[in-house]
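Per this note's numbering: the sequence shown = residues 437 to 704. Below: the structure, in structure tokens.
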Amino acid sequence: MALYMESDLEETLSLMEEVSLDQPSRPTLSTHPVAFRNLPPELRDQIYKEVLIHKEPIIVEKGDTQRQPVTVGLLRANKTIHAEASPILYGQNWFDLTDMEADPIIRFFRQIGRRNAAYLRKMLIDFLDIDITGPLEFTIIDGSVRVMAAIQHHCVNLVSLTVSLLNWQGMDKIDVRPYILCGAWLFESALKLLANQMRTIPTLRTMKAVVYDRHLEHVERILARHGFLLSTIRWPRGMHRNIADDAQPFRTARQISWHEDLVFPQFP
């Protein structure tokens, strides 16, 4: 899995020249350009960060997109650069895995490789899909079970996990009373299961949940009881109760996309 901008390396070398301007000028007898591999490690690290770190989440998705692709041409240069830059790309960006089926998520982990998956620190996922099987009974849909297992297996150094409740199918039922007969019990039971599962990752320090402000009063205490921090998004004016697929508050034209159909460089 990776990206397609063949001009990335040229752009990076141009950036290298710009970064070099910040360095004190020194007399030299040579007019030949300095090879990238001969630059001081701290300067190479600065270039990697300029090219690979993004303020917006990197959206992992399938299919065509109009969003700007991740710039990874530099990692194609050689094994050494790949080894130096990979921890920055994977470890210092926030990866958005929402609005995806289980198979593409699992394929993403496998295609970047276990070593790179172990660099992942920050991730955004959808809340669990559930199936109500009877009074006070439910099961977790197989896809959600597989995603949780894949995160536990591959993301062994995960530090921050954010769960999106924006499109969860049971959210509008949480405000029904009484508690034991409504979606609140269902939501809390599933949340507890997710929290317990993810806490088996020893490096995990923070769990967050994103919810529309119109649902805040019904989930705030439940989330707090299970150690989740809370982030709210204003309910868009004119939006119906059923959220459209294209109404994704996190996803803007400025965000970065990571296409499933592109081949990422792998070095042994």
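All residues carry an ideal CB built from backbone N, CA and C; glycine is no exception. Keep in mind that this is a model prediction, so the values were computed, not measured.
Applying the criterion that 16 or more other CB atoms from any shown protein chain within 10 Å of the CB defines a buried residue, is residue i buried or exposed?
| i | result |
| --- | --- |
| Ser600 | buried |
| Arg641 | exposed |
| Asp532 | buried |
| Arg404 | Because the chain is modelled from 437 through 704, residue 404 falls outside the range shown and cannot be assessed. |
| Lys558 | buried |
| Ile570 | One detail in the question is off: residue 570 reads as Gly in this sequence, not Ile. So Gly570 ends up on the exposed side. |
| Leu560 | buried |
| Asp562 | buried |
| Gly663 | exposed |
| Thr598 | buried |
| Pro493 | buried |
| Ile737 | Shown here, the chain extends from 437 to 704; a query on residue 737 therefore has no answer. |
| Glu653 | exposed |
| Arg480 | buried |
| Asp682 | For Asp682, the predicted structure reports a pLDDT of 37, less than 50, and the residue's modelled location is therefore unreliable. The matter cannot be settled from this model. |
| Leu630 | buried |
| Leu511 | buried |
| Ile692 | Note on Ile692: pLDDT 43, under 50, position unreliable in the model; the coordinate value appears next. Result: buried. |
| His590 | buried |
| Leu488 | buried |
| Ser667 | exposed |
| Asn514 | exposed |
| Asn632 | exposed |
| Ile568 | exposed |
| Leu665 | exposed |
| Ala626 | buried |
| Arg661 | exposed |
Bridge partners of residue i, per DSSP?
| i | result |
| --- | --- |
| Gly570 | Glu573 |
| Tyr648 | Ile669 |
| Lys558 | Trp530, Ser596 |
| Thr642 | Ser596 |
| Phe664 | Met643 |
Relative to the alpha-carbon of residue i, which residue among the options has its alpha-carbon at the smallest distance?
| i | options | result |
| --- | --- | --- |
| Leu594 | Asp578, Met634, Leu525 | Met634 |
| Ile576 | Phe623, Arg543, Asp535, Ile542 | Phe623 |
| Ile637 | Ile548, Phe544, Ala586, Phe472 | Ala586 |
| His490 | Tyr526, Val647, Asp535, Thr639 | Tyr526 |
| Ala645 | Leu564, His590, Val592 | Leu564 |
| Thr639 | Val592, Leu602, Ile669 | Val592 |
| Glu478 | Ile495, Trp530, Ala521 | Ala521 |
| Pro540 | Gly579, Asn514, Ile568, Gly509 | Gly579 |
| Trp671 | His651, Arg661, Ala660, Leu659 | His651 |
| Trp728 | Leu556, Asp649, Gly509, Ala471 | Absent from the structure is residue 728, since the part of the chain shown begins at 437 and ends at 704. |
| Ala519 | Thr534, Ala471, Gly549 | Gly549 |
Less than 8 Å between the CB atoms is what I'm expecting for residue i and residue j, so what's the real figure, rounded?
| i | j | result |
| --- | --- | --- |
| Trp604 | Leu572 | Not a contact, Cβ separation roughly 19 Å. |
| Ala538 | Val583 | 5 Å |
| Tyr484 | Ile524 | 5 Å |
| Arg473 | Thr516 | 7 Å |
| Ile669 | Leu602 | 7 Å |
| Glu497 | Met536 | 7 Å |
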